[in-house]
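Keeping their order, the protein sequence lines are chains C and E.
Residue 1 is where the first sequence starts when you use the numbering used here, and the numbers rise one by one after that.
Residue 1001 is where the second sequence starts when you use the numbering used here, and the numbers rise one by one after that.
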Amino acid sequence: MRNAWAISQVVIKELYRRKDFYVLFVLTALLTLLMWSVNFFNDDKIARYLKEICLLLIWISALVIAIGTTARQIPAERENRTIFPLLAKPVSRSEFVVGKFLGCWLACGIALLVFYLFFAVISGAREQRWPWLSYFQAAWLQWQMLGVVVALVLLGSLVFTAPSSNATICFVSVMGILLLGRHLNTVALQLAEPSRSVIYAIYFAIPHLELFDVRDLLVHDWGLIPWTIWLLATLYGAAYTAFFLVAACVVFRRASLC
Amino acid sequence: MPSPLLVLALLLTICFSLAETLTLWRPTWGGRAAQSDSLLGVLLGDGRRLFANHFFVKADVYFHSGYYPSVFDAAAQPPTQHIAEDAGAARATDEPGHAAGAKEEDEDYLGPPKDWIDRFSRHFYPSRHTHLDQPGEAREILPWLRIAADLDPQRVETYTVAAFWLRSRLGKVDQAEQLLREGWRANPDSYEILFELGRVFLENRHDPARARNVWELALRKWQAQEGAKSKPNEFAREQIAGHLAVLEEREGHPERAIDYLEIVKRSSPNPAAVQKQIDDLKAAIHATRP
C-alpha cells in the first residue's frame, strides 16, 4: 500500500504542475462572475440561476479533469518507458494500478474542494447563508462518482490503444449515463419484447452515475439527503469503483508492456 | 529598411481609417448585426427562437423547484405550464386552488417507483410537487423569462407571464410596465399585452381611464385578429370583456357593463351565472330610474 501511495503522490504533483486545472477553474470563475454581473429586473437576490450555471461548469470541469488526467497516465508511462524501472522495483502491477487510481481520484478531490469553495462563496454572497452540510453531501457524492469514472477510464486505458480514443469513448459513455441512465426504465416499458428486456438489462447493469448528481437539490434548496441514503450511495459508488479497479488490475497483470 | 516606428504608425493609421469606414458603413448594411440590437440576436439570428421555448419551460421548472417531467415522462403525460396558468395567460385546469397558486402535493407525474433503482434514485432529485409560494421566491423564475423574451421578442406569453409575476408577487410594478411596453413595441397588435397593461393600470396604478382605453383597444385588436378565425381565442376575449364589465360597473356605467357581459356570456363555461349578473344589473338600472 505504501508503494501505491507513493505513486499516487506523483500523480497529484502532476495535477498541480499541469495547467488543465487552472484553466478550467479560471474559466468556471469567469463565466460565473459574468453571469453574476447580469442584471435581471434590478433584483440582486436572484441566486438559483447562478448556482445552476456554476454547478454545471463544476461538473463539466471535474469530468474533463478526471477523464483527461486518468486517460494519459498508463500510456504516458509506457511511451516514456518509465514504467519499466518502476515495475523493476518491488512494485506489483496491481499496486501500480491502485496507485494511479488513488492519485487521480485524490487529485479530483482536491480540485473539487477548490471548486466547491468557490461555489460556496458565490452562492453565499447572494443568498447570505451557507448550508455547508448540503455542500459537503453534494461534493462527496460527486467525488464518489468521479471514483467510478477514474476506475473506468483506467480500465479503458488498458483496453484501448490511444488515450484520445479512450477519453472520447469514456466521456461519451459517462455523459450518456448521466443524461439517459435514469430514464432507461421508462423507455424500456414503452418498447416491445425483446427490446424491452435488452434495455432493462442495460439499465440494471450500468453504474447509475446520475444518482450522484444532486445539483437540483442544491440549486432549489431541498435540504439534506437522509444520511443512510447518502451512505448507501457511497457504498454503491465504491462497489462499482472496486469492480472497474479489479478488472483493470486483472487486465494489466495479463498485458504485455512492450 | 524603414524605421519600425514608421511602420507601426502606418499600421495604426490604416487601422484607424478602416475602423472609421466600417463604423459609418455598418448601419447601412442589411446583415444580421445591423438589424439586431442584442448579442444573442447577432450570434444566433432567427435560430434563437428555437431556444426561447426551452427557457420559458425552464422558468416553469424553477416555479416547481426542479420537480418537472423529463421528455420521457412528458411523452406519456404532457406537463401544464403553471406559471402561465397562474398569470391568467392560459385557462386554469379544473383542480381546485390551481389558479390561485395553491400547492398540489398530490399531482405526481412520477407515479409509483418502477424498480429499486427508481425508488432509491428519488432521494437524489426533486421528487415532490411544490410551488415557489414563499414571499419573494418567485424572483427565481425571472432570469429565464428575461432570456426567453430576448431570444424570441414575438413570443407574447413571455411578456404577460413575466409582468404578472413582477407586479403581483414581487411588487415591481415599474419593471412590469416597462417589460409590457417593450413587448408592445415588438408586438404592436397583441391584445394579450394590452390586456395585461390594463391590469397594471387598474390594479396597481389605480387609473381606470387608462385601463379602459387599453382594454377597449385590446378588444378591437382581438376582433381584428381573431374574429374571422374558425377557432378564435375566446378565453382572451372573455377575460378582456369580463374586466371591462367589472370596470364599467364600478365606474357607474351599468349599461356598458351589460354590453360587455353579453360578450362574456358567448364563450363562458357558466353562461347562467353571467346571465344572472346581467339580470341583476338590469334590475338595478330599473330600480334607480323613475
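A virtual CB, placed ideally from N, CA and C, is assigned to each residue, including glycine.
What you are looking at is a predicted structure, and each value in this text was computed from that prediction instead of being measured.
Within 8 Å, strictly: CB atoms of L141 of chain C and F101 of chain C: no
Unbroken stretches of the alpha helix (DSSP H), 4 residues or longer, contained in the region 24-76 of chain C: 48-71
is_contact[I1117 of chain E, chain C] using C-beta, thresh 8 Å: yes
Inter-residue Cα distance where the pair is A1149 of chain E and D1280 of chain E: 43 Å
Neighbouring residues, chain C, relative to D1073 of chain E (Cβ below 7 Å): T186
Nearest candidate by alpha-carbon position, reference S1065 of chain E, set E:L1008, E:R1122, E:A1138, E:E1203: E:A1138
C-beta atoms of A1245 of chain E and L1261 of chain E nearer than 8 Å: yes
Exposure label - S256 of chain C; buried when at least 16 CB within 10 Å: exposed
Members of the region 23-55 of chain C that neighbour chain E once the beta carbon cut-off is set at 8 Å: V38, F40, F41, N42, D43, K45, I46, A47, R48, Y49
For A1176 of chain E and V1200 of chain E, believed in contact at Cβ under 8 Å, the rounded distance: 6 Å
Chain C contact residues for A1282 of chain E, given Cβ-Cβ distances below 9 Å: Ala is not the amino acid found at residue 1282 of chain E; the sequence shown has Lys there. Within 9 Å Cβ-Cβ: nothing; K1282 of chain E doesn't reach chain C, min ~45 Å.
Same chain, Cβ closer than 7 Å to I1147 of chain E, five either side skipped, listed in chain order: F1055
Residue-level contact to chain E via CB, W222 of chain C, 8 Å cutoff: yes
Partner residues on chain E for I229 of chain C, Cβ-Cβ distance less than 9 Å: F1120, H1123, F1124
Chain C within 8 Å of G1045 of chain E, Cβ atoms only: no
Cβ-based contacts, 7 Å cut-off: residues of the region 1171-1201 of chain E near chain C: K1172, Q1175
Proximity test, Cβ basis, 8 Å: Y1159 of chain E and chain C: no
With 16 other Cβ atoms within 10 Å as the buried cut-off, status of M145 of chain C: buried
CA nearest to the CA of R254 of chain C, picked from C:E193, C:F204, C:V159, C:G223: C:V159
Per-residue contacts from L1142 of chain E into chain C (C-beta, under 8 Å): F40, F41, D43, I46
CB contact below 8 Å: K1276 of chain E versus chain C: no
Coil, strand or helix - H1286 of chain E by DSSP: helix
Exposure of K1276 of chain E, with buried meaning 16 or more beta-carbon neighbours within 10 Å: exposed
Helix, strand or coil at D1279 of chain E [DSSP, three-state]: helix
Coil, strand or helix - N1204 of chain E by DSSP: helix
Alpha-carbon to alpha-carbon, V219 of chain C and Y1109 of chain E: 21 Å
Close-in-space but distant-in-sequence residues of the same chain around V187 of chain C (CB under 7 Å, 5 per side omitted): I199
Endpoints, the alpha helix (DSSP H) within which Y1260 of chain E is located: 1254-1267
Distance CB(T32 of chain C)-CB(L57 of chain C) smaller than 8 Å: yes
Nearest-angstrom Cβ-Cβ length linking V1264 of chain E and A1241 of chain E, presumed shorter than 8 Å: 5 Å
Min CB distance R81 of chain C to chain E below 8 Å: no
CB contact check: R1266 of chain E to chain B, cutoff 8 Å: No chain B is present in this structure, whose protein chains are C and E.
Whole-angstrom distance between D1073 of chain E and V74 of chain C, CA atom to CA atom: Going by the sequence as given, residue 74 of chain C is Ile instead of Val. If you take the alpha carbons of I74 of chain C and D1073 of chain E, they lie about 42 Å apart.
Classification of A242 of chain C by the beta-carbon crowding that lies within 10 angstroms, buried from 16 upward: exposed
Own chain partners of L1194 of chain E with C-beta closer than 6 Å, once the 5 adjacent residues on each side are dropped: V1214, L1217, A1218
Nearest neighbour of I225 of chain C, chosen from E:P1126, E:D1133, E:H1131 [CA to CA]: E:P1126
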